Each structure stands twice: as C-alpha cells, then as structure tokens.
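What follows is a set of notes on a single structure, which appears directly below.
Numbering (the numbering used here), first residue to last: 1 to 959.
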C-alpha cells in the first residue's frame, strides 16, 4: 500500500484536483500560537514509519468497549499517518542561522529547536482538541463510570420516558379537559370522587340480582371461588375498588342461595304477617360492622339459606382492623348452622395482606370487561325503539363532519342513524376505533368504565352525541380514576389517630406509590418502590412537622400493590453503568394514568405541592438517568399547568446550580414545557435572555435546552448556540457541539449541515473549533443517543449506527454535505488525528468481531458504501485509507483480517463488496490491481524504496 504522505504541502497538480467547494470550506491555515492560545494541529515526526508505534504505548482498540468504540484522548499516542498540508509556518522573531552563529550556537540548531517546540505545541493542541470532544458533559469528577451519567445514557433515558407524555399540538394525555360533572345527551358523567356514596346496608332487591345475572360475565377462576365459598361458607375477596369485586360477590351469593325460596329458621312461623313479602335472599351489611357482630346476627336470625355481603372499609374515616382467623371461624360455624353464606370484600393493600395469608382469603380475578362492554352495548341498543334516530349531530358543523369521517365506521356526517341489525356491528367497530381507544387511555377497563363507554358509544351510534362529545367523554375515564384514588385520603389519615394500629405513613404509602409510579412509569420496580417511600416520608413530615414519622419497613406486598396501583410487572432491561441489565419493570396499565395522576395532585391538592417539589429535587440529584430524566419530564408537565410555580420552585434553582446534572434537569424541564404550544413563547423568551446572560451556568442550561429542538426554530437555535459556543471567556463548545448534533438528527438537518460548514469556513478560530468539534462528535454519535422518534421516524431502524452513516442511507441527498464535513476534519491539522480515529471506528463497525471488528456492533456496510466513496475519492484520502488499514491489520490486540481489509477497501472506494479472487496461474504472478494488497507497497515507489520497505516490514513482523 502507499506510504503515508509527508509533511510538505501537496503538489500543485494535487491541489488542482481538490473539489472547489471543499477547498473553500477548509479552515484557513493560521500560525500556531504558543501555549494557551487558540488550538491548532501540527505535524509529527517525519522519520516514523507507518507501522511503528510510539513506545509509550500501543493502540488498543480491543482493550475495553469505551476505548474501542469511542475515540478519545485516553487512546495512547501513535503514528498519525498521512498528514494534511502544513499551512503557514509559525511566525518567529530573530535572524535565523545568522543570529545563532553570532551567538556562538551551532548553525541550524535554533531552527531545529523551533521546529521541536512547534511540534510539541501542536501535539498538545491536538490533545486538547481530543479532550474537548469527549463525552464528559455530565461527568462531574471526570472519573470512571462516565457512561452512567453521560449524554448518551441521558438521551436514551429521555427517549424511553417520553412515552408517558405524548404531546400532540397543545393537547396530550396530560392536557385533558377539567370538569367535574356533565350531562352529554342521556349519558350522565360525575367525575368528583369526593361525592361518591358508600355502600348502602340492607336487603339487595331482586331486580338488582336479576340485572347482575343478565350482564355478569364469569371471570377466569370463578368456579374456584364458587367451590371455596360452598366448602367454607366464608370467603374473603381482595381486589382493587372498581374491578368488579362486589358484583362477583353478589353473583356468588345469588347462585348459592337460589336452591329454593328462603325458609324460616326452626321455630319461626312460615309466613309472617298477611301480605308480607318473603325476606330477601341476599343482604348488605353496614361497612363499619365488626365480624363478631355479624356472627351474632347470623346466629340469631330466623331465616335459612341467606347470603351476606360485607365490604370492609379502607378509607373515608371508617377504617377498621381486619378480622382474625378465630373470628372468621366463628362466623363460618354460625353460617353452617343456618345453611347460609357470607362474602367479605376488602381492598387490595396492607389491610388485605393478613387476610390473604389465611384460609379464607382469595384474590378476586378481574371481570372480563370486553364481554361486559359488548353486553351493555347490546342492552342499550336493544332498548331503543325500532326506527328511532335521526340526523347525526356531526352534520351540524363542518368540524363534526371531518371528525366523523376519521377512523370510525359508525357513520359519517349527514347520515341518519337508526337502530337495526347493523347498529350493534357499527358500535363494535367504533369501540375498536384507534382514536377512541387512544382517548380512553386505559388498557383494561373496569366494569363501571366499560358501562360508561358503552353508553357513550351507543349514544353516538344513535345520533345523540357528536364524535367530539364521544372523545371528550372517553377522555374523562382516567381523570375519574385519579380523583377516586385521592378522594378522602386526609379523612383516612385522620382515622389513624384511633387505636387501629396503623400509622399515617402506612396510610399515605398507597397515595405516594401512585404519584411515584406516575413520575417513574416504566422504571424498575425497586426504583419506584424506593421513590414511593421517600415521598411517603415527605408527606408525613408535611402533615405533622413536629413529630418524626415512623417509616414503615415491611408494608410492601407486590401482588396487592399492583392491584391498587392498576399496574403490571414485566420483564425488561434497565441501563446500568452504560450497559443493559435485566430488571422487573413496573408501569401503569394505561397511557393516560400517569398524566391524570399528576394533574390531579397539582391542580386539586395544592397543599401537596410543597412535599412533591422537595421530592422532585431529591430525584433530580439521583445519579441514575432513568430516575432524574423521568423526574424532569414530569416536572415539565407540571410547569405546563402552572409555569410560575414550576419556574420559581424547580427551574430557576436548578438552572443556577453548580452541578451539571441539576442544570441538565432544568434544561429538560424547559424542553418538555416548550412542547406545549401555549407555553413555548414564554420558554423561548426565557432561553433567549439566558444566552445573553453573564452567568455561565444559565448559558450552559440554555445551550442544552436549545439542542432538543422544540424551544426555537433551528436557524435561531443555531445562532444562539454559536453565540454561546464561541465565547472566549468560557469554553462551552463541547456542549454546543452536542446540541448541534442533536438538532442534526431532527427533520431540518439540511440547515444544520450548512451551518456546520459555515463555522468551519469562518476566519475566526473559535468558530472553526466549534465546527470541527461538531464534526468529530457527529462522527462518533450513534442515532440512538440523540434520536427523537417523533421528529425522525425514518431513523428508527438504525439506532446503533453512527449518525452520518444512517443519514447517508436514509437520506442519500445528504451524502455530499456529510463527506465535505468529514473531509474538512481530516485535512485540518488539529482535528486530523481525532477524525482518523473516527474513520477507524466506522471501519471496525462494518467487520465481524472475529475479524477484528467491534463487539456486538451493527452491520454498517451499507452506510460505508453510501458515504465513504464520496469522502475518499482523492489520492491523498486513499493513501490515508491504505495506511489506516495497515495499522488496523498490525494492531496487536484486535488485528484486522486481511480479507476483511480488502472488503473494506472496496466498500470505501467503490461502494460495493470485493469481487471473488481468482487463483493465479502456476508460475505467473498475480498482477491484478483491482484492490491493493495490504502486504505490497505502492506503485509510486522506486524499486529501491520497494526493497527497503519490504525489509523493514519483515524485520518488524519478526520482532
């Protein structure tokens, strides 16, 4: 292969071959300053051979993943290969050799010393450039483990957490209408959980039992519940409120007491007073009734074959201690004597734990709500008189007409809606409509929610509701659930003053767990549980500041916690120290629930704001990106509802903090707030002021916030980033380069490419440095580190690829601009070494690990074939590739396979795989020059040079 280029200027004929646009964009060569001035890149020892290593240490791409995959200054010094033109020589004072001779020095010694000093300064400048290009933007101490807190891990956590807060325009799952009660058509919506009426004691009417028999659908495991109740006479059903546990209890009691009419007990008169109705078979017992009292009622009763339903309260100020096994045994004996049955219903949680551990406790399976929904639809549509209906209300407005034609088969604007054989089919199609399901935002509907949805859909099918009314009613389900969760929490806490054995912290824990899951939705279960206990402590202290609360240590029950949280556990992966590790992931079963919980707490419970803010600050200091990034996104949503409070309590203190992670937290909060169009102007004006501020910390926060791409248009964001990144008094160029690369991954990448080229062509050295830093960072940044799925869905299949290669494949018209930028970095002295390392990183990424490639890297050969032919089209660039492949082949830790090197050469120079090699005839040398043989010298050398180079290569291989 070719010898590395020398350190002299390229010949005139080669300069003429350089593309005009590339030469115009090349940073102007300037004299190298002394230490402390603007950085430039110099040449290296001319006598060093291409394969030689600096004796201070060998290149070790296979030493560890970080060194191998990310070029950085920690890589040992080594031969730089063919160097770019030297440019203007540094300005020196004195008369050169004449003055040295007059001073008694050896002629030429002063000039030699000056060259040595220049080379040393240029090497230091190159080292400083490499140091600035590293991903240490969030690594406070610059110690090991930076991958855990670096920008790459932060970006991945940000993308993972974004799914909980999907913003569309200015409306998202968080930004829902707030109303407490509504009457839409003949559908009544009551969303105020504080007005909920508890269970009424007394006999259950036969009409209600008939309705249960008509609409109830047996869940999986129902037969086992029936057998247990028949055998033991007492059954304790534990489930979250609203899951159909009461309806299941009524269905069980109704079936087991249907053997015959209720008979009077022994010694009682069979009829009673004349005209008196027979006693009810099933009765509800007052919630505050203790089990011993119920045992007395059963034993002293006059009737047999009766069913009793007791709902043990867990809130609203009526909390009682759960019954023990002895009390339940006594109740079972009394029921056997009267041939009766009893079902105790208890909410899943701490109260249910001891009951589930006993003989009588069982988890109530969730009701099959899809079947309930269909049954309710059939009931509602069948009750409508035939031929009823009329003009659909969507026909009254153009907006309703447009909405009615999107995604629903329930009819279009202007179509008369009437009942008939196809009404139920239209209703079923509407229930499965993606827009309706997204408005509901819940994966598993509960019986009451299924009934409400059926009423809304049937009203729309019958022409009584517009499509927008239907969607608004569907969007009310998640807020209704959140209001029910938080209603009466203080009254339940007040009841802990009694002698019931429960502390305020224990009672507050379910509420804190719901908020913690809303903020950390999709995180590891252990992480959410830890955060929930921290928030429980904050709530308890805020409620009683004078007394330190007793923290519960053993109150967690994962099974019951999932039931009252309406959540699920799944197997997943959590990033730890830059690598993925298996973990148990917990999340809400409904995309609308996290936002609904946060809105409920922030808008309706103002005294809870202060402890929540203190808790958010604790999460902001957590070193795990999955924690502090999710907390920042949740804080941004809270700011979108009350920006003044959020700015004063969270944004401003964090933006001026000395810790970079806190400032990154503030930048993420501002970006999430700016995703709402209503708050974008305020955030934009705030960031504009910060870019002109004298505070280094505010400028740092503004630079990171602008990189997300939602606060200001791309051109304006780049102007402000350049202002921050070229400030000579504060080196913010590394952060600005990261923000520019993040903008490049968005939809307006053309403007970013043009701006980077303008920076490198600028005569001002700070602008050149900013452009070169951005190019080097772009070369080593993978798509997954900066990708925003909402803005650039076309990059979704290339998350592990370097961003330039992914852009070259998905957006081929950007290849020329990308190649020009990389060419500029390779031909500029101070960035040449870093850019060469990036090129090696690309090449190793396209080779299998057994052939010297990256461990577990993606197959990026298509990206190389798309980009490198435009980059390596000149002789000098091919000499660099030739030398680089040699060096990779001789790497002692990860030697590149010879055949792999040949394939890479063809990919990089011709954009296609290497042809199959044909065996040469016996006795005749193979003179094919289709691809250079890495073991042969370049044809430009004379025979003497060729022989001398072979001799040195042989000696080196033997050593």
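Backbone N, C-alpha and C define an ideal beta-carbon position, used for all residues, glycine too.
In this text, all values refer to a predicted model and were calculated from it rather than measured experimentally.
Rounded to whole angstroms, residue 671 and residue 746 show a C-alpha spacing of 15 Å. Residue pairing by DSSP places residue 341 opposite 307 in a beta bridge. According to the DSSP assignment, residue 284 belongs to the beta strand (DSSP E) that extends over 282-285.
Per the coordinates, the alpha-carbon of residue 705 lies some 34 Å from the alpha-carbon of residue 861. Rounded to the nearest angstrom, the gap between the Cα atoms of residue 729 and residue 896 is 44 Å.
Taking C-beta atoms as the reference points, residue 372 and residue 447 count as a pair closer than 7 Å. Listed in chain order, the alpha helix (DSSP H) runs fully inside the region 630-696 are 643-646, 652-655, 660-674, 680-691, counting runs of at least 4 residues.
Rounded to the nearest whole angstrom, the CA to CA distance from residue 365 to residue 223 is 11 Å. Cβ atoms of residue 574 and residue 583 come within 8 Å of each other, at about 4 Å. For the pair residue 516 and residue 539, the CB atoms are not nearer than the 7 Å cut-off.
Within 10 angstroms of the beta-carbon of residue 547 lie fewer than 16 other beta-carbons, which makes it exposed.
In this structure, residue 282 lies near residue 307, with their beta-carbon atoms less than 7 Å apart. Around the beta carbon of residue 708, a 10 Å sphere encloses 16 or more other beta carbons of the protein chains shown; the residue is thus reported as buried. The Cβ-Cβ distance between residue 810 and residue 794 falls below 7 Å. Of the other Cβ atoms in all chains shown, 16 or more fall within 10 Å of the Cβ of residue 451; this residue is therefore buried. Runs of the beta strand (DSSP E) lying entirely within the region 221-255 and spanning at least 3 residues, in chain order: 234-239.
Straight through space, the alpha carbons of residue 226 and residue 304 are spaced by roughly 19 Å.
A residue is called buried when at least 16 other Cβ atoms come within 10 angstroms of its Cβ; residue 564 meets this threshold and is buried. Ranked by Cα distance from residue 666, the first of 677, 762, 687, 912 is 687. With 16 or more other Cβ atoms from the protein chains shown falling within 10 Å of its own Cβ, residue 660 counts as buried. Of the residues assessed, residue 840 falls on the buried side of the cut-off, its CB having 16 or more other CB atoms within 10 angstroms. For residue 611 and residue 536, the gap between their C-alpha atoms comes out near 9 Å. Excluding the 5 residues flanking it on each side, residue 246 has same chain C-beta neighbours closer than 8 Å at 199, 309, 311, 345, in chain order.
Burial check for residue 720: the Cβ neighbour count within 10 Å reaches 16 or more, so the residue is buried. By the neighbour-count definition (other C-beta atoms within 10 Å, threshold 16), residue 789 is an exposed residue.
Cβ-Cβ distances below 7 Å link residue 594 to 164, 518, 521, 588 in the same chain, with the five nearest sequence neighbours on each side left out; the list follows chain order. Secondary structure note for residue 770: its alpha helix (DSSP H) is the uninterrupted segment 765-780. Scanning 442, 803, 331 for the CA closest to the CA of residue 784 turns up 803.
Within the same chain, and ignoring the five residues on either side of residue 254 in sequence, the residues whose Cβ sits closer than 6 Å to its Cβ are 209. Between residue 761 and residue 674, the alpha-carbon positions lie close to 33 Å from each other. Of the residues 882, 894, 891, 892, the one whose Cα lies closest to the Cα of residue 902 is 882.
Annotation for residue 588: the continuous beta strand (DSSP E) segment containing it runs 579-588.
Here residue 466 carries a coil assignment [DSSP, helix/strand/coil].
Here residue 820 carries a helix assignment [DSSP, helix/strand/coil].
When the beta-carbon positions are compared, residue 753 and residue 815 stay at least 7 Å from each other. By the 16-neighbour rule on beta-carbons within 10 angstroms, residue 460 is buried.
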